[in-house]
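Chemist: Dropping a structure here in structure tokens format, bear with me for questions.
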Amino acid sequence: MTKQPRELALLAESGRLLASVFELLDRTPLAGRSTLQINEMVERFIVEELQARPASKGQYGYGFVLNSSVNDVVCHGVPSPSSVLADGDIVNFDITLEKNGYIADSSKTYLVGEVHPAARKLVRTTYEALWMGIRAVRPGARLGDIGWAIERHAKKNGYSVVREYCGHGIGRDMHEEPQITHFGRPGTGLALREGMVFTIEPMLNRGRRSVRTEADGWTVVTRDGSLSAQFEHTVAVTATGVSVLTLRPDERAA
């Protein structure tokens, strides 16, 4: 479950490369582009520019490089030529990358054009909740501390936390132990140890937390049609706290 220094260095390199994919998205105009066009752009960048492997493609039979979850889609949205992003949308891109046998996983919710203040607040609060969870990571802390920090911030702002999907350990495999829930009670659950690597990826809904899976078997949406947002980072437990392996340059500056 814990990673050795060499493994941590390789995971950090995968994380650095994945952060550069989001830099590409940051400077890409999204309005008017289909989610399939964005998927193809990201695949070319990962394969040709980064000389890496898009780890989601082929995983569990999934045929694309990223998940594109628009508005009321909670997660696992499938890229499509008919899904064209428009002014006012919010969209989460969830991307994995493997380099030298080690996988990093991250996601970011983007605001497309002029977004309603209520949607903007949901996205901002979800990002804040991610960091509440990250700041709870340190040796000796418990998994419940992470979930409690996230859920407390979500509820304080009037949002619900999706419970069906969680973060996960990561390394040579995309999904390893432990599972990282985004709700919980402080002081409960597995104790964190130096060298553990996992994702934290809260999904917050503007309405109720209930979700359903659409007929394609992938796309998960809110049952009540409310907006949903998500952010994700891959983190490592260090001797003194936490290292965010997928940290983006704009976040370093902040």
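Here my numbering is used: the first residue of the sequence shown is 630, the next is one more, and so on.
Cβ atoms here follow ideal geometry from the backbone N, Cα and C, with glycine treated the same way.
(1) Would you mind reading off the limits of the beta strand (DSSP E) that contains D734?
(2) Whole angstroms are fine: how far does the CA of G644 sit from the CA of L679?
(3) In whole angstroms, give me the CA-to-CA distance for K785 and I763.
(4) How many Å lie between V752 and A858 at the Cα?
(5) With a 10 Å radius around its C-beta and 16 neighbouring C-beta atoms as the bar for buried, classify T817 as buried or exposed.
(6) Alpha carbon to alpha carbon, what distance is there between S872 and A660?
(7) Quick check: what's the CA-CA separation for A747 versus L740?
(8) Less than 9 Å between the C-beta atoms of D774 and V744, yes or no?
(9) Distance, Cα to Cα, L646 vs V713?
(10) Of all the options C704, F651 and D655, which has the alpha carbon lying nearest to the alpha carbon of V840?
(11) As a quick exercise: from R673, L665, G690 and T738, pick the residue whose alpha carbon is nearest that of S711.
(12) Assign E843 to one of two classes, buried (16 or more other C-beta atoms within 10 Å of its C-beta) or exposed (fewer than that).
(13) Measuring CB to CB, does V826 end up less than 9 Å from K632?
(14) Starting from L714, trace the beta strand (DSSP E) in both directions and tell me its first and last residue.
(15) What is the DSSP secondary structure of I799, reduced to helix, strand or coil?
(16) Assuming L726 contacts P683 under a Cβ cut-off of 8 Å, what Cβ separation, rounded to an integer in Å, is found between them?
(17) Taking the Cβ atom as the reference point for each residue, do V791 and M832 lie within a distance shorter than 9 Å?
(18) Is the Cβ-Cβ distance between A715 and G742 less than 9 Å?
(19) Name the DSSP beta bridge partners of K728, please?
(20) May I ask you to verify whether the region 850 to 865 touches the region 693 to 708, counting CB pairs closer than 8 Å and requiring at least 3?
Modeler: In brief:
(1) Its beta strand (DSSP E) spans residues Y731 to L740.
(2) About 12 Å.
(3) Between K785 and I763, the alpha-carbon positions lie close to 18 Å from each other.
(4) The alpha-carbon atoms of V752 and A858 are separated by roughly 6 Å.
(5) It is exposed - the Cβ of T817 has fewer than 16 other Cβ atoms within 10 Å.
(6) Their Cα atoms are separated by approximately 33 Å.
(7) Per the coordinates, the alpha-carbon of A747 lies some 12 Å from the alpha-carbon of L740.
(8) Not a contact, by the Cβ cut-off of 9 Å.
(9) One alpha carbon belongs to L646, the other to V713, and they sit about 27 Å apart.
(10) In terms of Cα proximity to V840, the closest of C704, F651 and D655 is C704.
(11) From the listed residues R673, L665, G690 and T738, the smallest Cα separation to S711 is found for L665.
(12) Exposed, by the Cβ-count rule.
(13) Yes, they are a contact pair.
(14) Neither: L714 is in no beta strand (DSSP E) and is coded neither H nor E.
(15) Coil, per DSSP.
(16) The pair is a contact, with the Cβ atoms about 6 Å apart (cut-off 8 Å).
(17) With contacts defined by Cβ atoms closer than 9 Å, V791 and M832 form a contacting pair.
(18) Contact flag set, yes.
(19) Under DSSP, K728 shares a beta bridge with Y731.
(20) Enough Cβ pairs lie closer than 8 Å, so yes.
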